[in-house]
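Worksheet for the structure shown next.
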Amino acid sequence: MARGFLCLWALGSLLLAAPAAAQRLPSDAALIAGFEAVVFGAEITGPMSDSTYLKKFAGPVRYRIENRAAIDRRAAVRTFMRQIRRQVAALDVAEARPSEEPNFVIHVVDRADYQRVGRDVYRSPFMRVPGNCVVRASYGRAGITRSDAIIVSDEGDALFRRCLIEEVLQGLGPLNDNADAPDSVFNDTSKLTTFTPYDRVLMNMLYDPRLTPGMTQSEAAPFLPAVLRDARRRVRG
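With our numbering applied, the sequence shown corresponds to residues 157 to 393, in that order.
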């Protein structure tokens, strides 16, 4: 396996509320700008991340749920992963078979175990794992090779749902936050706990076959208008 970068993305300050009402998608220019912000940007730059190229899984995503929490959230996680499979056209995501090695592990934990599990995931026994929930992605120019999302179960359904959606989606490739995104879980100041039309458009754009891992922003730019047009059609459908 090629050596990749290791990324840590934490969900810090978090506002929660009921699901948002039906959204009106912004203009093409705004959607492309939002896509470029979360796909090519980076909260943390330097040796632990790279904001110069596109990151996504190059092949099938096979996930496993590690439920260590008192409340068994496996059914809720599976429901969301099936939603992703239905609503992101070119993304092949399914639960790993018992004999199959997963490349995306979703750790569902109680708050008391958050630090311990995070240190195990990062193989760093003395680190302080930040945020309310977190995802670690290992990647290189050939794509993401492994993601681990750590989701807290015992601090309410709203926090669980918000963390599940944001960290799983970020673990699939859009590793930056965007404070300008109007209706997106990638905006940490938003109150959303659903997989919104805005975010469905961005994920369909990212997993369009015309966009490949390792592309720079300038290499991807000529494809984006057509990719966006097709993503809008899929989300409307």
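Idealized CB from N, CA, C, for every residue including glycine.
Q | Residues of its chain near Met343, where Cβ-Cβ distance is below 8 Å and the 5 sequence neighbours each way are ignored | A | Sequence inspection shows Asn at residue 343; the Met mentioned does not correspond to that position. Around Asn343: Asp333, Asn334, Ala335, Asp336, Ala337.
Q) The beta strand (DSSP E) with Arg229 in it runs from where to where? A) Arg229 -> no beta strand (DSSP E), and no H or E assigned at all.
Q.
Measuring straight from C-alpha to C-alpha, what distance separates Leu380 and Arg234?
A. 31 Å
Q.
Which residue marks the beginning of the beta strand (DSSP E) containing Val217, and which one marks its end?
A. 217-223
(Q) If I follow the unbroken beta strand (DSSP E) through Tyr295, where does it start and stop? (A) 290-296
(Q) Can you tell me whether Pro353 is buried or exposed? The criterion is at least 16 other CB atoms within 10 Å of its CB, across all chains shown. (A) buried
Q: Would you identify the three-state DSSP class for Phe260, choosing helix, strand or coil?
A: strand
Q: Using the DSSP secondary-structure output, state which residues sit across from Arg302 in a beta bridge.
A: Ser294
Q.
Determine whether the beta carbon atoms of Tyr209 and Thr345 lie at a separation below 8 Å.
A. no
Q: Measuring alpha carbon to alpha carbon, tell me which of Leu325, Ala377, Ile262, Pro281 ends up nearest Ala231.
A: Ile262
Q) Taking Cβ positions, are Arg275 and Val265 nearer each other than 8 Å? A) no
Q. Out of Glu192, Ser374, Cys319, which has the shortest C-alpha to C-alpha gap to Trp351?
A. The question names Trp, yet the displayed sequence has Phe at residue 351. Closest option to Phe351, Cα to Cα, is Cys319.
Q.
Do Arg229 and Phe316 have their beta-carbon atoms positioned less than 8 Å apart in this structure?
A. yes
Q.
Suppose you measure from the CA of Ala177 to the CA of Leu348; what does that come to, to the nearest Å?
A. Confidence is the limiting factor: at Ala177 the pLDDT is only 43, short of 50, which leaves the residue's position unreliable, though a coordinate-based value still follows. Between Ala177 and Leu348, the C-alpha separation is close to 10 Å.
Q. DSSP beta-bridge partners for Glu251?
A. Tyr219
**Q.** Residues near Leu328 in its chain [Cβ-Cβ closer than 6 Å; skip 5 each side]
**A.** none
Q: Return helix, strand or coil for Val308, following the three-state DSSP convention.
A: strand
Q: Return the CA-CA distance between Val195 and Ala268, expressed in angstroms with no decimal places.
A: 32 Å
Q | Beta carbon of Tyr363 nearer than 8 Å to that of Lys211 | A | no
Q: Report the rounded CA-to-CA distance for Thr301 versus Val290, giving the unit in angstroms.
A: 17 Å
Q | Top-ranked residue by Cα proximity to Met359, from Arg218, Ser340, Asp313 | A | Ser340
**Q.** Rounded separation between Gly299 and Ile188 - CA only
**A.** 21 Å
**Q.** Own chain residues within Cβ distance below 8 Å of Leu384, not counting five before or after
**A.** Asp184, Leu187, Ile188, Phe191, Val357, Met361
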